[in-house]
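Input: a single structure, listed below in structure tokens.
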Amino acid sequence: MRSLIRALLAIVLIGFVAFFVLGWWTGSRPSRPADKPTATSGTIDTATARERGAAIGEKAAVATAKVQETVNEARLTAKIKAKMALDDSVKSRAIDVTTNGSTVTLSGTVGSAAERDRAVRIARETDGVTQVVDHVQIEK
Numbered sequence: 055m056r057s058l059i060r061a062l063l064a065i066v067l068i069g070f071v072a073f074f075v076l077g078w079w080t081g082s083r084p085s086r087p088a089d090k091p092t093a094t095s096g097t098i099d100t101a102t103a104r105e106r107g108a109a110i111g112e113k114a115a116v117a118t119a120k121v122q123e124t125v126n127e128a129r130l131t132a133k134i135k136a137k138m139a140l141d142d143s144v145k146s147r148a149i150d151v152t153t154n155g156s157t158v159t160l161s162g163t164v165g166s167a168a169e170r171d172r173a174v175r176i177a178r179e180t181d182g183v184t185q186v187v188d189h190v191q192i193e194k
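Shown next as structure tokens:
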């Protein structure tokens with residue numbers, strides 16, 4: 055469930071970023087009403103403008119990297135859950151899959167050791183996964 059919420063938040067964040075960036079790139083930003091004159095000093099401090107532009111660029115790069123990481127994590131989680139859903143020997147609803155970077159954590163309760171082993175193997179065989187942490191419990 056957390057993975058689904060995380061993926062949904064990532065999609066919303068990407069949408070807001072795209073709306074903001076594309077709006078400014080295409081020049082379709084809100085304009086001031088024509089009846090209010092714009093006050094200008096006649097001089098522009100280009101050094102300050104460059105510094106502010108660089109700071110904004112750095113913040114945008116960090117935000118983009120975070121969004122990309124979240125999207126990649128959601129993609130890995132979805133891949134693993136889909137593989138488990140298609141595998142008849144694993145009850146995918148009983149296993150929670152969370153992803154942090156390329157590390158996948160499996161948790162939940164299954165009916166047998168074979169089911170747990172198969173779930174771990176599915177996660178390990180998924181492209182992009184470097185480590186699998188197994189917290190799956192076996193019902194007694």
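Residue 55 is where the sequence shown starts when you use our numbering, and the numbers rise one by one after that. Virtual Cβ for every residue (Gly too), placed ideally from N, Cα, C.
Where residue i sits in the DSSP three-state scheme
i, result
"Gly-162", "strand"
"Ile-98", "coil"
"Asp-171", "helix"
"Thr-118", "helix"
"Val-183", "coil"
"Val-144", "coil"
"Met-138", "helix"
Residues that DSSP places opposite residue i in a beta bridge
i, result
"Ile-176", "None, per the DSSP bridge assignment."
"Ile-192", "Val-164"
"Thr-157", "Asn-154, Gln-185"
"Ile-10", "Any answer about residue 10 is impossible in this case: the structure gives the chain only from 55 up to 194."
Beta carbon of residue i nearer than 8 angstroms to that of residue j
i, j, result
"Leu-140", "Thr-180", "no"
"Ala-177", "Ala-128", "no"
"Ala-125", "Ala-64", "Reading off the sequence, residue 125 comes out as Val, not Ala. In this structure, Ala-64 lies closer than 8 angstroms to Val-125 by Cβ."
"Val-174", "Glu-193", "no"
Inter-residue CB distance, residue i and residue j (contact presumed, cutoff 8 angstroms)
i, j, result
"Ser-143", "Lys-135", "Incorrect: roughly 15 angstroms between the Cβ atoms, too far for contact."
Does the pairing of the region 147–161 with the region 109–122 give three or more beta-carbon distances under 8 angstroms? no
Can you find at least 3 beta carbon pairs, one from the region 181–189 and one from the region 156–163, that sit closer than 8 angstroms? yes
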